[in-house]
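Visitor: My questions all concern the structure below.
In this note's numbering, the protein residues as written are 1 to 272.
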């Protein structure tokens, strides 16, 4: 089982998704002799899972049934254990599109967090690309390494435990893209530039719109391409469903309406 390939049959050691419904699913490590409790009864790994096809309908001990799904980055995002706040598929698809990621891309990311975005990036850049991801929290970094190895993608990712704002990514002039999901991304832009190839893209998520638009008023060596503003509902923290992201050209000074000054924003730079 690998997050970058598909296998038909469930094998011992796989991470499978037990699907009870759209609002109820969870991952399970398949083990010979193992048992998993659900509200529909027990799933016996040796007889109910191992050797069965992914997507199979499995009957539990109480007569209820579940589906066993192959893990994808999208399903992993919905089922992973949260070590931090995470990015979901809506934002991940936007990030992948804006950074123009493809098989063979070299990507730098910080912070790793719960590795939701990391799994999606790895699937996109496989089989010849590589992800360099930086996480300052040692336990989170160690857990991410453990998950990458378990999901058979460890050869496509390098995890470093350090402060990206002080120590950077540890690579120079090799990255096609950099993504920053940290509290003060402007402090790491210089390190992002060092990691990027000529004309490489740097994208960061920023909740402080006026600060990011004044990133370097003296004239940065990075070219500001665009800002994507995603309106949010403060009372729920969810994306507003009535409005699409607005793309703001930043060739000139952009006045920021008061109601947008606390919106989530993705801002993209290009190394000259």
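By construction, the Cβ of each residue, glycine as well, lies at the ideal position given by its N, Cα and C atoms.
Tell me which same chain residues have a C-beta within less than 6 Å of the C-beta of residue 104, skipping the five on either side of it?
Guide: These residues qualify, in order along the chain: 128 and 129.
Visitor: Decide if residue 109 is buried, meaning its Cβ has at least 16 other Cβ atoms within 10 Å, or exposed.
Guide: The residue in question, residue 109, is buried, as its Cβ has 16 or more Cβ neighbours within 10 Å.
Visitor: Between residue 9 and residue 54, is the Cβ-Cβ spacing less than 9 Å?
Guide: Yes, the Cβ-Cβ distance between residue 9 and residue 54 is below 9 Å.
Visitor: With three or more beta-carbon pairs closer than 8 Å as the criterion, would you say the stretch 38 to 52 touches the stretch 82 to 96?
Guide: The stretch 38 to 52, when compared against the stretch 82 to 96, does not touch it at the 8 Å Cβ threshold.
Visitor: Is residue 144 closer than 9 Å to residue 115 when the C-beta atoms are compared?
Guide: Closer than 9 Å, so yes.
Visitor: Alpha carbon to alpha carbon, how far is residue 101 from residue 5? Give it in angstroms, no decimals.
Guide: When rounded, the distance between both Cα atoms is 18 Å.
Visitor: With which residues is residue 159 paired in a DSSP beta bridge?
Guide: Its beta-bridge partners are 133.
Visitor: Are residue 111 and residue 140 touching if we call contact CB-CB under 9 Å?
Guide: Result yes, Cβ atoms of residue 111 and residue 140 sit closer than 9 Å.
Visitor: Would you decide whether residue 73 is buried or exposed? Buried here means 16 or more other CB atoms lie within 10 Å of its CB.
Guide: Residue 73 should be labelled buried.
Visitor: Helix, strand or coil, according to DSSP, for residue 148 in the structure here?
Guide: In this structure, residue 148 counts as helix in the three-state DSSP scheme.
Visitor: Evaluate residue 37 with the Cβ neighbour count: other Cβ atoms within 10 Å of its Cβ, from every protein chain shown; 16 or more gives buried, anything less gives exposed.
Guide: So residue 37 ends up on the exposed side.
Visitor: Over the uninterrupted alpha helix (DSSP H) stretch that includes residue 123, give me the two end residues.
Guide: Residue 123 -> alpha helix (DSSP H) spans 116 to 125.
Visitor: The beta strand (DSSP E) spanning residue 330 covers which residue range?
Guide: A query on residue 330 cannot be resolved here, the shown segment of the chain reaching from 1 to 272 and no further.
Visitor: Going straight from the alpha carbon of residue 48 to that of residue 58, what length do you get?
Guide: One C-alpha to the other measures close to 7 Å.
Visitor: Could you check what DSSP says for residue 11 in three-state terms: helix, strand or coil?
Guide: It is coil, neither helix nor strand.
Visitor: Expressed to the nearest angstrom, what Euclidean distance is found between the alpha-carbon atoms of residue 64 and residue 3?
Guide: Each residue's Cα considered, the two are about 29 Å apart.
Visitor: Who are residue 165's beta bridge partners in DSSP?
Guide: In the DSSP output, where bridge partners are listed per residue, residue 165 has none listed.
Visitor: Alpha carbon to alpha carbon, what distance is there between residue 179 and residue 163?
Guide: Distance between the alpha carbons of residue 163 and residue 179 is about 15 Å.
Visitor: Find out if the Cβ-Cβ distance for the pair residue 177, residue 194 is shorter than 9 Å.
Guide: Not closer than 9 Å, so no.
Visitor: Rounded C-beta distance between residue 92 and residue 107? I'm assuming under 8 Å.
Guide: With 8 Å as the limit, residue 92 and residue 107 do not qualify as a contact, their Cβ atoms being about 13 Å apart.
Visitor: Once you ignore the five residues that flank residue 61 on each side, which residues in its own chain have a CB closer than 6 Å to its CB?
Guide: Once the five neighbours on either side are set aside, the close Cβ partners of residue 61 are 41 and 42.
Visitor: Between 113, 148, 142 and 137, which lies nearest to residue 123 when the distance is taken from Cα to Cα?
Guide: Considering only alpha carbons, the answer is 148.
Visitor: From what residue to what residue does the alpha helix (DSSP H) around residue 28 run?
Guide: Where residue 28 is concerned, there is no enclosing alpha helix (DSSP H), although the beta strand (DSSP E) it sits in stretches over 24 to 29.
Visitor: From the DSSP output, in three-state form, read off residue 141 for me.
Guide: It is helical.
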